[in-house]
Structures are given as structure tokens and as C-alpha cells.
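Visitor:
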Amino acid sequence: MHIRENESLRDRNSFGFDIRAEYFCSASSIDEVKEALAWQQSKNLQLLVLGGGSNTVFTRNVSGLVLHLAIDNLAAKTSGDTVSVAVGAGINWHSLVKSTVFNGHYGLENLALIPGNAGAAPIQNIGAYGKEVCDNLESVEVIHRTTGEQLTLSNTECQFGYRHSLFKTPKGSDFIVLGINLELSTIDDPVVTYDALANKDPTAKQVFQQVCVIRSSKLPDPSVIGNAGSFFKNPIVPRLQVDALRDEYPSLPVYLQSDGSCKLPAAWLIDQAGWKGHRIDGVGVHDKQALVLVNHGTGNGQQIAILANEIRTDIKNRYNIELEREPVIY
Ligand code: EPU
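So our numbering is basically just the index in the sequence shown, starting at one, shifted up by 296.
1. For Gln599, which residues of its own chain have a beta-carbon under 8 Å away from its beta-carbon, when the five flanking residues on both sides are left out?
2. Just the C-alpha distance for Ala371 and Ser391, rounded to the nearest angstrom, thanks.
3. Since Gln446 sits in a beta bridge, which residues does DSSP pair it with?
4. Ser322 bridges to which residues according to DSSP?
5. Say yes only if the C-beta of Ser461 is nearer than 8 Å to one or more non-hydrogen atoms of ligand 1, and no if none qualify.
6. Which one of Asn309, Ile532 and Val438 has the shortest CA to CA distance from Ile617?
7. Just to confirm, is the Cβ distance from Tyr425 to Leu493 under 9 Å?
8. What are the start and end residues of each continuous alpha helix (DSSP H) run of 4 or more residues lying completely inside the stretch 547-595, in chain order?
9. Identify whether Lys254 lies in helix, strand or coil by the three-state DSSP scheme.
10. Once you ignore the five residues that flank Lys373 on each side, which residues in its own chain have a CB closer than 6 Å to its CB?
11. Can you tell me which of the three DSSP states Tyr615 falls into?
12. Quick one: what does DSSP say His460 is sitting in, helix, strand or coil?
13. Would you check if the distance between the CB atom of Gly386 and the CB atom of Ser310 is smaller than 9 Å?
14. Rounded to whole angstroms, what's the CA-CA distance from Asp610 to Cys430? Just pull it up for me.
15. Using a Cβ-based criterion (distance less than 8 Å to any ligand heavy atom), does Leu587 qualify as near ligand 1?
16. Whose C-alpha, out of Glu405, Tyr402 and Ile367, is nearest the C-alpha of Ala416?
17. Does the stretch 502-510 come close enough to the stretch 399-413 to have 3 or more Cβ pairs within less than 8 Å?
18. Can Trp389 be considered in contact with ligand 1, in the sense that its beta carbon sits closer than 8 Å to one or more heavy atoms?
19. State whether the stretch 341-355 contacts the stretch 545-552, with contact taken as three or more CB pairs (one from each stretch) at a distance under 8 Å.
20. Shorter than 8 Å, the distance from the beta carbon of Asn530 to the closest heavy atom of ligand 1, or not?
21. How about Thr355 and Tyr626: do their beta carbons lie closer than 9 Å?
Following this line, the structure appears as C-alpha cells:
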């Protein structure tokens, strides 16, 4: 394990912000994670764990140790129709999706092209086009950042919800995800509840390809335009409030939830409010998807934080709806 000082994180965050870590190390095994934690504790330093860097907005340099998770084990075991796949936290998510689907191990096809690494997938319970990672997650391997205890948390113990998990709560935020255990299938029966996928009874490979086409057409590629995917969650709002809003905005799309509440597309609210394509300094709102904030090349994290606050305030004033941020602001 090699600890480096004053390391640039520019290529390690998907916004591409040029900030530095006081200390940095990349751990490619669980033993190296333990070694890094012991070093950080002996020096009494703060710790920031980084995966693919697609869910953090850096507004300043990072003091203490940035621990990059590069654990890259990958093993599949088939039993009947079920394929159990153990995946190290450092495996790139999209390459995992692609390799499983093209090996005939189905279940992740709707989650193609989501930026980031496998270790981050359970933290915000990544989801798209009718699926969430928790639908195929058997368990999560973790280590406690202060006690060093290693645990396997079951799907239920992870308390998954829409863009939510145990790892986002105060109790769960002390866990570092070392790996995930997926449950896939050899049966080719993809989920096609999302309207754009529903035609022609597609195979999982076709769903994978279709999702790649849809995402590439409206979501910016972080290697070209810095971004962190959806910047806000879709808000869940009581039915009565939605009925009142619909009187004023008849075209408001509404997704009814099983408990009677309604999920509203934050992108629609932001778009209607006139923010799409809007630029402030070096940052802005993407011109094809209003839910995505982008770095036009010269922006910084503080500008993103200011823009996000302006949007939140405007949405609150217009619709009386609080938008909740998805990425973490550091
Ligand atoms: N819409 C607009 N303006 C826009 C974009 C969208 O009015 O600029 C409207 C659309 O017409 C549609 C609605 O908003 O009626 C929803 O749009 P879309 O289907 O594109 O999905 P989304 O709700 O904006 C969510 C996820 C995405 C995921 C898609 C597809 C969240 C926060 N975002 O976006 O996830 O890819 O559904 O399932 O739930 C991500 O998390 O980074 C992400 C991209």
C-alpha cells in the first residue's frame, strides 16, 4: 500500500473538479483497506472513502486520507437458474453490467451506463428504467471504519428504499462497502415496465442496448461533460398536494406509489421553471435533462452548490416542494 501526499483528485471525481487530497491511497484488497484504516487511525486523520467519484461534489481540498477502493475480485457460481456473483467494490459498474448480460447472466440490463463502481451501487440503491440494484442484491460485504469489524449484511438489513439504504443513515454511514453479492438468473426475462422499453418483447441484451441508447441521448457522458447524474431525487408528495398542483399544471406527470402518495419528476419541475440549459459561471443545468447539473469545464464545486441551492429555493417557492440532493457535497 502506497500513501501519496497532495494528490490531485481531478480524474477521480466525475465533475472533474481540480481539488487535492492531503493523503491518498488506493486499496486493492481487504488487507490493504485494513492497513490504510490502521495508518489513518494511528495518525488521527479524517477519512474519506472514494469509489468512482460519481456521487461527490468537491467544493474544497480534502484534509486527511482519501481511501480509494480498488478491490476488483469477480466470481460467478451457477446453481440451476440462479447465478451468484461476488463483486469487489472497485469494479466499474457498467463493465459489470455488460459482462454479466453478455455472459448470459441476466438482471442488471436496465442499469447499463450508470457511472461509478459496484461498491457505491448499494449506498444510494442505484436505479433506472424500472429496476433498482436491490432487486438483484443478495447481500453486501462491509467493514466498520473504526472497529474494523467485517460483516455480511443481508438485503433486508440494508433497508433499501428509493435512492436510499442503511448506508445513508447515521448508523450505517460508518460502514465501508468492500463488495456486493448479486443474484442473477440464466432466464432471459427482462423488466420492461418503463414505457420506452415495453415494445417488441425484448431480450435482456436488447434492453441493455436500448438503455444505452436512451441514456446516451439525454445524459451527458462524464468523461466529456463533468456531472454526477441526477442531482436531485424525484420528490414524493401527498396526493392532495398533487391534485392542487395539477389544477395549475395539467401536464404534470405523476407516478402513483403503492401507499397512495405520488412521485413527481424533479426534471419536469425544474424544466417547467425554466432552468434547462441555464448557465452560471462555469456550471449549468444540462440542456437535454434538467435533473443533471454539469461542469462546462471551468466550473467548481462551490458554483455547483450555489446553483443547486438556487434551484431548490425556486422549486420551493413555485410548487411548495422540497428537492432533496442526491450527491454528497464535501
Ligand atoms: N422531463 C422533463 N424535462 C427534462 C427531463 C425529463 O420534463 O429535462 C420529464 C420527462 O418528460 C418525464 C419525466 O420528466 O415525464 C421523467 O424523466 P425521465 O424518464 O428521463 O426520468 P427521471 O425521473 O428524470 C429517473 C432517475 C434516473 C434514471 C431515469 C430512468 C432519479 C433521481 N433519476 O430520472 O437516474 O435514469 O429515471 O429510469 O430517480 C441517476 O440517478 O443518476 C439517473 C440518471
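Beta carbons are placed, not taken as given, at the ideal position from N, Cα and C, and that holds for glycine.
Guide: Walking through what the data contain:
1. Ile576, Asp577, Gly578 and Val579
2. 14 Å
3. Ile439
4. His364
5. no
6. Ile532
7. yes
8. 562-568
9. Only positions 297 to 626 of the chain appear in this structure, which leaves residue 254 out of reach.
10. Ser380
11. helix
12. strand
13. no
14. 33 Å
15. yes
16. Ile367
17. yes
18. no
19. no
20. yes
21. yes
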